[in-house]
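In my numbering, the protein residues as written are 2 to 719. No residue lacks a Cβ here, since even glycine has one placed at the ideal position from N, Cα and C. All figures in this text were calculated on a predicted structure; none of them were measured in a lab. Written below as structure tokens is the structure these notes are about.
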Amino acid sequence: MYRKCLFVALAAFCLMGATCSEGIEPTKGIPCDDLHVYSTTLSKDSFNPGAFSVAAWVKTDRPNESQGVLDVGAPSKFFSFYLYTGGFRMLMAKDVQSGEYTQAVAPLPQRGVWTHYVGSYDGKTIRVYRNGKLVQEKQFVSELKSADFADLPLRIGGMDPGVQRPFFGEINDAALWNCVLSDEDVAQLYERGVKGVSEKPIALWNVKGLSEDGEELRSNGSDAFDATRVSFEPLLNQKDSGYRGVWYYNQKINNEYVYKYSGGMGTYPANHYPFSVYRPEVDKTFFCYGGFDPSETTLWHEVGVYDHKTKKVSRPTVLVDKMTEDAHDNPVMSMDDEGRIWVFSTSHGTGRPSYIHRSVRPYDVSEFELVEPTKTVGDEKVPMSNFSYFQVWNVPERGFISLFTTYDRSFVQKYDPDTKVQRILATTSSADGVDWSEWKALAAIEIGHYQNARVHYSLDKKDADGKPLVKIGTSFNYHPAVAKGNRGTGLNWRTNLYYMESNDLGKTWQTIDGKPLETPLLSSDSPALVRNYEDENLNVYVTDLEYDAQDRPIIGYVTSKGFESGPEMGPRYFCVAHWLGDKWEFSTVCEVDNNYELGMFYMEESDKGVIRLIGCLDDGPQAYNTGGEVSQWVSRDNGKTWEKEFQLTEKSAVNQCFPRRTIDASPDFYAFWATGNGREKSISTLRFSTKDGKVYELPREMKDDWESPTLIRDAARP
């Protein structure tokens, strides 16, 4: 039995003023993008989550990107009708708090082709239709009530908060009912439009309701559903009052350790790099981080500078509000030959836009401008508006080289049409930071990878142009698609250690011993395999890749028995793999208590066999949670054995997390990290250490534009 329904129609409308027909395939719709998303607010009892249907015609040139069509609330929190990871989804959440949801999925639209979708939910079953035909139904019981939706925004062409997962293309005849459409109604809706449905809509939005300036979208039939355009300015350029790191968690688990990983994540994750750069010509260290806004509810991308002459730090500049708490969106930075600061605002998957900002003046963090980057796709230049896990270096006289992750599966479908890969390793380059080369896929084994990359300059070797040879390397794990023994599938069962390199700026790739590799890598038994940890029944978490004085790679990583926090998945070890010219040598630094214990190498004296390592390798106050106490280790035999040189922090109130190496680090700003409680939300401070063991904290509140950081500890004089 189908209930009487409330219809909220978001019908065809376009800024060009062309009227679109109802129901049948449109000729035009409203142009949608990250600056053209519309929103209305649901009133009390206006929406029935126990029986409703949604529909829309869509056309997009980016079918492989996550894009919202109709959505209430934040992604996956209430209901969503959208494109995501290989399918068009009708999603329902279980309740407001648990984070549980499920979805019925239909095939994606073809690029640039109008396609009609309908989704419905009757309290027990989610259904999704494509071009008038049922594609999939899923059994699911949601506990959401009408009151849960009161005063929430209904987004058209995007998701809340702000502008997440914007739709790029055109949307037409989008609709919402508070009843379940029958199969016959859906077929008639596809063939004849709204007039073919048994229930007459009470609200219809069409081009007649669109204001001339495109800011207002009035509802025909019910002014309660008038919509307005959501404005979003991706560049803030404002000064913050101090340094507040973001606190973030991922995946709750059912034990006393609460989360898979959590805490102060201002310099997270290990697969983002760099966060700081030292420039000797001005004797300053420039750095970026993920910060919390003053209400500690949203992620800000921020930039600061430490003046080594005055020993003071600037008031931070806020570049962009990412409108999420997800620290996977943290920024990274680089500097060009002229001294301009470039900040790359990444995104976790395709749900939010990515940005590039550039300082207006060299060596100056006070003002930035938004860059509109493009990438080459075939013979075209298209916007480069989404990238993840970005790692970027400026190569003097050559420009930027980046290794990163893309979620665009079409990248490798020409190699493997049936691929299920979710995270694809790729590379791109740019001479000017604006025009980027065509993305080249490096690895797409089974479900995907996490990588740690490095661009290394060989001082002793020259390329064909007589310039220092540039070596590009990457070390990575893989996410299995097939369960083996007691091991599961996906990113929580990441395993194996791989390495490959390029000596011609990424044109060709080879193994450590010079064997050519065909990219992208598609098999887990690739010649790039360094060690088969899958056969040892161990997870692998890569933390760093560096090169010694002989241009030989050294890789840091953590091994464990599984992904959950706690002693049951131990013992965990921080391990080192070092290429000695004819073989890999493996060593263990120490036992650690969490999978996400980051450590990074310092190679200034590697010509003497001396390698340093700074990491959160010691147990902290929240044992078995992310981070701990930070210590500085040293090897005097090329990484074969290790001993602790300094205990940089001790007796801390909260864990120290993700210490990061500065590019061309000065001894006075050697490592940079954040603090935070591993088991509950807390404030997060930002700290840095010197090479000789001093630890400083950046001020959370600043009265002046430049202030001195606070000395927290001198490890050389405990």
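Over the uninterrupted beta strand (DSSP E) stretch that includes Y191, give me the two end residues.
Careful: Y191 lies outside any beta strand (DSSP E), inside the alpha helix (DSSP H) at D184 to R193.
For D705, collect the residues of the same chain with a Cβ closer than 8 angstroms to its Cβ; drop the 5 residues on either side in sequence, then sort them by chain order.
So the qualifying residues of the chain are R316.
Close Cβ partners of T406 (< 6 angstroms) along its chain, the five nearest in sequence each way excluded
The residues S389, Y390 and R424, in chain order, have a CB closer than 6 angstroms to that of T406 in the same chain once the five nearest residues on each side in sequence are set aside.
The beta strand (DSSP E) that contains F412, what's its start and end?
Counting along the chain, no beta strand (DSSP E) covers F412; the unbroken alpha helix (DSSP H) around it starts and ends at S411 to Q414.
Please determine, among R90, Q648 and F670, the residue with the shortest C-alpha to C-alpha distance to R714.
Out of R90, Q648 and F670, Q648 has the C-alpha closest to the C-alpha of R714.
Per DSSP, N540 forms a beta bridge with which residues?
Per DSSP, S561.
In this structure, does DSSP put E303 in helix, strand or coil?
Note: E303 maps to strand in three-state DSSP.
Are the CB atoms of F293 and S277 nearer to each other than 8 angstroms?
Not closer than 8 angstroms, so no.
Determine, using beta-carbon pairs with one atom in the stretch 412-432 and one in the stretch 329-340, whether at least three such pairs fall under 8 angstroms.
No contact exists between the stretch 412-432 and the stretch 329-340.
Does the stretch 668-686 come close enough to the stretch 238-252 to have 3 or more Cβ pairs within less than 8 angstroms?
In short, these stretches touch, since the Cβ pair count reaches three.
Entirely enclosed beta strand (DSSP E) segments - the stretch 458-528, minimum 3 residues
Counting only runs of 3 or more, we get 469-479 and 496-503.
G51: which of R455, E535 and E144 sits nearest, CA to CA?
When C-alpha distances from G51 are compared across R455, E535 and E144, the shortest belongs to E144.
Who are the Cβ neighbours of Q98 in its own chain at under 6 angstroms, not counting the five residues just before and after it?
Once the five neighbours on either side are set aside, Q98 has no close Cβ partner at all.
Taking DSSP as the reference, what is the three-state secondary structure of E439?
Looking at E439 - three-state DSSP - the assignment turns out to be coil, as it is neither helix nor strand.
CA nearest to the CA of K201, picked from R495, L177 and K376:
K201 has its Cα closest to that of L177, out of R495, L177 and K376.
From P469 to R701, what does the alpha carbon distance come to, in whole angstroms?
So the two alpha carbons sit approximately 42 angstroms from each other.
Proximity to L492 [Cα-Cα], best of V611, K313, Q252 and D72:
Restricting attention to V611, K313, Q252 and D72, the CA atom closest to the CA of L492 is found in Q252.
State buried or exposed for R532, treating a residue as buried only when at least 16 other CB atoms are found within 10 Å of its CB.
Of the other Cβ atoms in all chains shown, 16 or more fall within 10 Å of the Cβ of R532; this residue is therefore buried.
When burial is assigned at 16 or more other CB atoms within 10 Å of the CB, is I157 buried or exposed?
Around the CB of I157, 16 or more other CB atoms lie within 10 Å, so the residue is classed as buried.
For the beta strand (DSSP E) holding S147, just list the boundary residues, first then last.
Annotation: S147 is outside any beta strand (DSSP E); the continuous alpha helix (DSSP H) that includes it extends over S147 to F150.
Specify the secondary structure class of D34 as computed by DSSP and reduced to three states.
D34 carries a strand assignment under DSSP once its states are collapsed to helix, strand and coil.
Going straight from the alpha carbon of A716 to that of T686, what length do you get?
Roughly 19 angstroms separates the two Cα atoms.
Rounded to whole angstroms, what's the CA-CA distance from C658 to G264? Just pull it up for me.
The straight-line gap from Cα to Cα measures roughly 7 angstroms.
Assuming G567 and Y258 are in contact, meaning their beta carbons sit under 8 angstroms apart, how far apart are those beta carbons, in whole angstroms?
Confirmed, Cβ separation roughly 5 angstroms.
I'd like the span of the beta strand (DSSP E) that includes M604, first residue to last.
Note, M604: premise wrong, no beta strand (DSSP E); not H, not E.
Would V70 pass as a contact of F79 if the rule is Cβ separation under 8 angstroms?
In this structure, F79 does not lie closer than 8 angstroms to V70 by Cβ.
For H329, the three-state DSSP class (helix, strand or coil)
H329: helix per DSSP, three-state reduction.
Cα separation between K5 and V55?
Unreliable placement is indicated for K5, whose pLDDT of 36 sits below 50; the coordinate value is still reported in the next sentence. Rounded to whole angstroms, K5 and V55 show a C-alpha spacing of 15 angstroms.
Cα-Cα separation, T311 to L546:
One alpha carbon belongs to T311, the other to L546, and they sit about 33 angstroms apart.
Coil, strand or helix - A427 by DSSP:
Residue state for A427 is assigned as strand, using DSSP reduced to three classes.
Could you pull out every unbroken beta strand (DSSP E) segment of at least 3 residues lying fully inside the stretch 662-714, listed in chain order?
Correct list: 672-677, 687-690 and 695-698.
Kindly give me the distance between the Cβ atoms of I612 and I664, rounded to whole angstroms, as I take these residues to be in contact under 8 angstroms.
Between I664 and I612 the Cβ distance is about 18 angstroms, and since that is not below 8 angstroms, they are no contact.
By the DSSP assignment, the beta strand (DSSP E) with W394 in it spans what residues?
Boundaries of the beta strand (DSSP E) around W394: S389 to V396.
What separation, rounded to the nearest whole angstrom, lies between the Cα atoms of Y625 and T299?
Rounded to whole angstroms, the gap between the alpha carbons of Y625 and T299 is 27 angstroms.
Quick one, which of D152, P275, G163 and Q239 has its alpha-carbon nearest F226's?
The closest CA to that of F226, considering only D152, P275, G163 and Q239, is found on D152.
Nearest to D599 by CA position, among N656, E565 and E651, is which residue?
One detail in the question is off: residue 599 reads as Leu in this sequence, not Asp. The shortest Cα separation from L599 among N656, E565 and E651 belongs to N656.
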